[in-house]
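Chemist: Have a look at this one before I ask anything.
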Amino acid sequence: MNSPSKSAKGKGKTMSQDYDDLRPIITYRHILSQNLGVRDPLRVIALCDSDAFYAACERVRLALDPTVPIVVQQWESLIAVSYPARKYGISRMDKIKDAKKKCPNLVAVHVATYKEGEKEPGYWDNVDTRTHKVSLDLYRRESSKIINVFKQTLPNGEIEKASIDEAFIDLTRPVREKLLERYPHLATVPEDAPDGADSPLPPPPLINWDQLGVLIPLTPQDEVSAQDELSNVESGYSTTWHDVALSIGAELMAQVREEVSKQLGYTTSAGIARNKFLAKLCASYKKPNSQVIDRQSILRNDAIPYYLRPMPFQKIRFLGGKLGDALAKEYDVLIVGDLLTISLDEMQHKFGENALWVYELLRGIDRNEVKEKSTLFKSMLASKNLPKPITDPADGQHWIRVLAAELALRLKDAREEVPTLWPKTIVLHARKGYETSRSKQAAFPFTKNVTVDVIALAGNKLWKELMKDVTSINITSVQLAFTGIEAAETGQQMIHGFFKTRDAQHPPLKRPRSNSDDPLDKGVESETPNPPERQELSLTSFVCERCHSRIALGDVRAEWNEEQRASALAMLRQEHEDFHFAQDLAGASHPIKPRSSKPVSTRSREPEPKGITKFFSKK
DNA sequence: AAATACACA
DNA sequence: GGTGTGTATTT
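Note that this note's numbering has the first sequence beginning at 4, numbered continuously upward.
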């Protein structure tokens, strides 16, 4: 092979073997293989994040000029500071007062809040943490808009939303397409290739990086020469095909970011490298203390050692927490370079499971894939910290209702995109003072109209459970969450799941026999104990307009008053509507997924009050 | 089912 | 540094 690896490796003299995979030999087989995944030597990953995202969202919402200094405040503190505002020395640590002192013409926007009595979040005067609840909805919406632009611009790129303002993009496929388009001779193995498809590729072309972004320097010399716009060729560096791939990736990212800017008005920064970890790391190249934003950085493999070695490892994702602390303490060091002398054996001894992963990370290796997480959320949380702890249980109910209202709205919105979204469980967390928070959870029914009442009812029940063995109520934080959110599968399978959950905790739905065309519902029927008296029919049953059958409450409690019966009936009506909804879905679509192989669970549940009555259970 | 850890604006 | 979210792992 005529690879110039010697000169490149020479630069890392001390520990060259630590970075021995920076210039792998790339063959025709590599180029032509489609599914090499994380071992693809031409892998190109980008991390794109929005600059001062919350501040940018408010700036766009208010149609302000990008140069205005703007901050987003939450009560008296700041949660986002635009880059123009940072020029005044404002940081997120500042209180709003100090920020305004530093910049008198600062635009300060308080984050939207739910206010008691108001159905939707808004931007009110005189927000007060005692009466209002923060809403981050705008940012979630804008975030998903950005993701959509990514998808639309890069139909072949794999996209993983990493946080509200960040996404990883696997550019390997779109890059390969462009590469073959531009260098068609790579697509066919030459007749005279010594090892056929396993022969190395011919030498790559030189790259003009001018418009593609900031190149992370290869060496200290490179760092100064870069400022003079000297070409890399002169410093004895030789381009690799992976560099070419990176440069095409940079081209694509520049396009994507331009689209985001044009369509939505957000500036973004990006990092482009051979894996997720490095992409993320280099996205913030020189960002912390400078105002340089709206740009992308490119980390060539050969630049990895020089870039990584002086890096404080606790800044690396996943090493910011306890693990990073432990490493720092154990070896009394701070930067990546210091840890390179630790052998894998030794690390495994001290850190077990995590060792290999960390060992590789320090050497610029990261085998994690970019996995499309379908923007669909797995959980949805609404939470409220209470500066003045609550002591009255009624206040608990109040906040739960507020949180429930938010969840109801958010779920409704989410269902506009994916109508079958179904939170399987509901969880209530509560924290007392400085104690760690305690939680209770319960299954959440499949319901088409998830109303505030249904959520609040469930939340209140959990609240009671949580408070029952508590002597003094002084709650400082309340969190209500949906977890296990999934798109219910349509088709027979859904009907199946629908009934299964019913069976577990609801009385069976009453259906007329004439409608009983579904083999799944055998045995579901004919257990209405004693039909109510004629004159009471309207209080305990109703006739469905769709199937014209009379649906009755199964077990009417004598102690229920009229109001309770009405509620129970309303819920039964909803359940029945849900049944039709589920049936419509099943009928309207072809089964997409194969039947799950999960066995139908046969557990039985006894102590719970059944069905609707559980919502009325006292204590 | 409940608690803990980590990340990020 | 505090509040509000989210995910994944451990107990």
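Every residue gets a Cβ at the ideal spot worked out from N, C-alpha and C, and that includes glycine.
Remember, predicted model here, so these are calculated numbers, not experimental data.
Buried or exposed for Lys-325, please, with buried defined as at least 16 other CB atoms from any protein chain shown within 10 angstroms of its CB.
Modeler: Here residue 325 refers to the residue found at position 322 of the first sequence. With fewer than 16 other Cβ atoms within 10 Å, it is exposed.
Chemist: Excluding sequence positions up to five away, which residues of its chain have a Cβ less than 7 Å from the Cβ of Thr-30?
Modeler: Within the first sequence, numbered from 1, the residue matching residue 30 stands at position 27. Counting only Cβ-Cβ distances below 7 Å, and skipping sequence neighbours, we find Ala-200, Asp-201, Ser-202, Pro-203, Leu-204.
Chemist: Report the three-state DSSP secondary structure of Ala-331 (helix, strand or coil).
Modeler: Counting from one through the first sequence, the residue named residue 331 turns up at place 328. Ala-331: helix per DSSP, three-state reduction.
Chemist: Under the three-state reduction of DSSP, which class applies to Thr-531: helix, strand or coil?
Modeler: Residue numbering aside, residue 531 sits at position 528 when the first sequence is read from its first letter. With a pLDDT of 31 at Thr-531, under the threshold of 50, the modelled position of that residue is not reliable, and the figure given next carries that caveat. Looking at Thr-531 - three-state DSSP - the assignment turns out to be coil, as it is neither helix nor strand.
Chemist: Are the CB atoms of Ile-275 and Ala-253 within a distance shorter than 7 Å?
Modeler: Residue 253 sits at position 250 when you count from the first residue of the first sequence. Residue 275 sits at position 272 when you count from the first residue of the first sequence. Result yes, Cβ atoms of Ala-253 and Ile-275 sit closer than 7 Å.
Chemist: Let me know the secondary structure DSSP gives Met-256 once reduced to three states.
Modeler: Walking along the first sequence from the start, residue 256 turns up at place 253. DSSP places Met-256 in helix when its eight states are reduced to three.
Chemist: With the cut-off set at 7 Å, would you say Leu-414 and Leu-483 are in Cβ contact?
Modeler: What you label residue 414 is simply residue 411 of the first sequence in a count that begins at 1. What you label residue 483 is simply residue 480 of the first sequence in a count that begins at 1. No, these two residues do not count as a Cβ contact at 7 Å.
Chemist: DSSP beta-bridge partners for Asp-52?
Modeler: To locate residue 52, count along the first sequence from 1; it is residue 49. DSSP output for Asp-52 lists Glu-169, Ser-272 as bridge partner(s).
Chemist: If you drop the 5 nearest sequence neighbours on each side, which residues of the same chain put their C-beta closer than 8 Å to that of Asp-341?
Modeler: Stepping through the first sequence from its first residue, residue 341 is reached at position 338. Result list for Asp-341: Tyr-334, in chain order.
Chemist: Quick one: using the 10 Å Cβ neighbour count with 16 as the cut-off for buried, is Tyr-437 buried or exposed?
Modeler: For this step, residue 437 is matched to residue 434 along the first sequence. The residue is exposed, with fewer than 16 neighbouring Cβ atoms inside 10 Å.
Chemist: Note down, in chain order, each residue of its chain lying with its Cβ closer than 7 Å to the Cβ of Ser-382, except the 5 sequence neighbours on either side.
Modeler: Counting from 1 along the first sequence, the entry for residue 382 is found at position 379. Taken in chain order, the residues that qualify are Ala-484, Phe-485, Thr-486, Ile-488.
Chemist: Assuming the contact rule is C-beta atoms closer than 8 Å, Tyr-331 and Leu-337 should be a hit. Round their C-beta distance to whole Å, please.
Modeler: Taking the first sequence and counting its residues from 1, one reaches residue 331 at position 328. Taking the first sequence and counting its residues from 1, one reaches residue 337 at position 334. Note on identity: in this sequence residue 331 is Ala, with Tyr being the wrong assignment. With a Cβ gap of about 6 Å, Ala-331 and Leu-337 count as contacting.
Chemist: With distances taken from CA atoms, which of Ser-138, Leu-249, Val-114, Gly-120 is nearest Pro-177?
Modeler: Here residue 177 corresponds to residue number 174 of the first sequence, with the count starting at 1. Of the listed residues, the one whose Cα sits closest to Pro-177 is Leu-249.
Chemist: From this set, Glu-119, Pro-87, Pro-124, Thr-134, which residue's C-alpha is nearest Ala-111's C-alpha?
Modeler: Here residue 111 is taken as the residue at index 108 of the first sequence, counted from 1. With distances taken between Cα atoms, Ala-111 lies closest to Pro-87.
Chemist: Determine which residues share a DSSP beta bridge with Gly-125 and list them.
Modeler: Translated into positions along the first sequence, residue 125 becomes position 122. DSSP lists Thr-116 as partners of Gly-125.
Chemist: I'd like the list of long-range same chain contacts for Pro-426, defined as Cβ closer than 6 Å, with 5 residues on each side in sequence excluded.
Modeler: On the first sequence, residue 426 is found 423 positions in, with the first residue counted as 1. So the list reads Phe-447, Phe-485, Ile-488, once near-sequence residues are dropped.
Chemist: Roughly how many angstroms lie between the CA atoms of Asp-246 and Gln-37, to the nearest whole one?
Modeler: For the purposes of this step, residue 246 is taken as residue 243 along the first sequence, with counting starting at 1. For the purposes of this step, residue 37 is taken as residue 34 along the first sequence, with counting starting at 1. Between Asp-246 and Gln-37, the C-alpha separation is close to 19 Å.
Chemist: Check Gln-214 in the structure and name its three-state DSSP category.
Modeler: One-based indexing of the first sequence puts residue 214 at position 211. DSSP places Gln-214 in coil when its eight states are reduced to three.
Chemist: How many angstroms separate the CA atom of Gly-120 from the CA atom of Val-481?
Modeler: As a working note, residue 120 is residue 117 in the first sequence. As a working note, residue 481 is residue 478 in the first sequence. Cα to Cα, the separation comes out at about 19 Å.
Chemist: Looking at the unbroken alpha helix (DSSP H) that takes in Ser-475, where does it start and where does it end?
Modeler: Stepping through the first sequence from its first residue, residue 475 is reached at position 472. Segment: none, Ser-475 is in no alpha helix (DSSP H) and carries neither H nor E.
Chemist: With a threshold of 6 Å on Cβ separation, who are the neighbours of Val-421 within its own chain once the five nearest residues in sequence on each side are excluded?
Modeler: Taking the first sequence and counting its residues from 1, one reaches residue 421 at position 418. If we look at Val-421 and ignore the five residues flanking it on each side, its Cβ neighbours are Ala-490.
Chemist: Please identify the residue among Leu-406, Val-453, Ile-368, Ile-554 whose C-alpha is closest to the C-alpha of Asp-23.
Modeler: Working through the first sequence from its first residue, we reach residue 23 at position 20. Of the candidates Leu-406, Val-453, Ile-368, Ile-554, the one whose C-alpha sits nearest the C-alpha of Asp-23 is Ile-368.
Chemist: Alpha carbon to alpha carbon, how far is Trp-466 from Leu-35? Give it in angstroms, no decimals.
Modeler: Counting from one through the first sequence, the residue named residue 35 turns up at place 32. Counting from one through the first sequence, the residue named residue 466 turns up at place 463. Spanning the two alpha carbons is a distance of roughly 59 Å.
Chemist: Alpha carbon to alpha carbon, what distance is there between Ala-445 and Val-130?
Modeler: Translated into positions along the first sequence, residue 130 becomes position 127. Translated into positions along the first sequence, residue 445 becomes position 442. Those two C-alpha atoms are separated by around 33 Å.
Chemist: Out of curiosity, what's the CA-to-CA distance linking Pro-124 and Val-405?
Modeler: Stepping through the first sequence from its first residue, residue 124 is reached at position 121. Stepping through the first sequence from its first residue, residue 405 is reached at position 402. One C-alpha to the other measures close to 11 Å.
Chemist: In the DSSP assignment, what residue or residues form a beta bridge with Asp-80?
Modeler: As a position in the first sequence, residue 80 is number 77, starting the count at 1. Position check: residue 80 holds Ser in this sequence, whereas Asp was assumed. According to DSSP, Ser-80 bridges with Gln-77, Lys-98.
Chemist: Following the continuous beta strand (DSSP E) through Arg-303, name the residue where it begins and the one where it ends.
Modeler: If you number the first sequence from 1, residue 303 lands on position 300. First-last for Arg-303: undefined, no H or E at that position.
Chemist: Three or more C-beta pairs under 8 Å: does that hold for the region 348 to 355 against the region 311 to 318?
Modeler: Cβ pair count under 8 Å is below three, so no.
Chemist: In the DSSP assignment, the alpha helix (DSSP H) including Val-339 goes from what residue to what residue?
Modeler: By 1-based counting over the first sequence, the position of residue 339 is 336. Run containing Val-339: 339 to 342, per the alpha helix (DSSP H) assignment.
Chemist: Leaving aside the five residues before and after Thr-479 along the sequence, list all residues of the same chain whose C-beta is less than 7 Å from its C-beta, in chain order.
Modeler: Within the first sequence, the letter at position 476 stands for residue 479. The answer, listed in chain order, is Asn-388, Leu-389, Pro-392, Arg-434, Lys-435, Gly-436.
Chemist: Excluding sequence positions up to five away, which residues of its chain have a Cβ less than 8 Å from the Cβ of Glu-468?
Modeler: Residue numbering aside, residue 468 sits at position 465 when the first sequence is read from its first letter. Take Glu-468, set aside five residues on each side of it, and the residues of its chain with a beta-carbon closer than 8 Å to its own are Lys-443, in chain order.
Chemist: Between the region 256 to 275 and the region 179 to 186, do at least 3 Cβ pairs fall closer than 8 Å?
Modeler: No, because fewer than three Cβ pairs between the region 256 to 275 and the region 179 to 186 fall closer than 8 Å, the two stretches do not touch.
Chemist: Within 10 angstroms of the Cβ of Gln-20, are there 16 or more other Cβ atoms? Answer buried if so, exposed if not.
Modeler: Residue 20 sits at position 17 when you count from the first residue of the first sequence. Burial check for Gln-20: the Cβ neighbour count within 10 Å stays below 16, so the residue is exposed.
Chemist: Quick check: Ala-273 and Cys-51, are their CB atoms within less than 7 Å of each other?
Modeler: Translated into positions along the first sequence, residue 273 becomes position 270. Translated into positions along the first sequence, residue 51 becomes position 48. Contact: yes.
Chemist: Whole angstroms are fine: how far does the CA of Asp-225 sit from the CA of Ala-55?
Modeler: Locating residue 55 in the first sequence gives position 52, counting from the first residue. Locating residue 225 in the first sequence gives position 222, counting from the first residue. Going by the C-alpha atoms only, they are around 30 Å apart.
Chemist: May I have the straight-line CA-CA distance separating Ile-554 from Cys-547, to the nearest angstrom?
Modeler: The residue you call residue 554 lines up with position 551 of the first sequence. The residue you call residue 547 lines up with position 544 of the first sequence. For Ile-554 and Cys-547, the distance between alpha carbons rounds to 7 Å.
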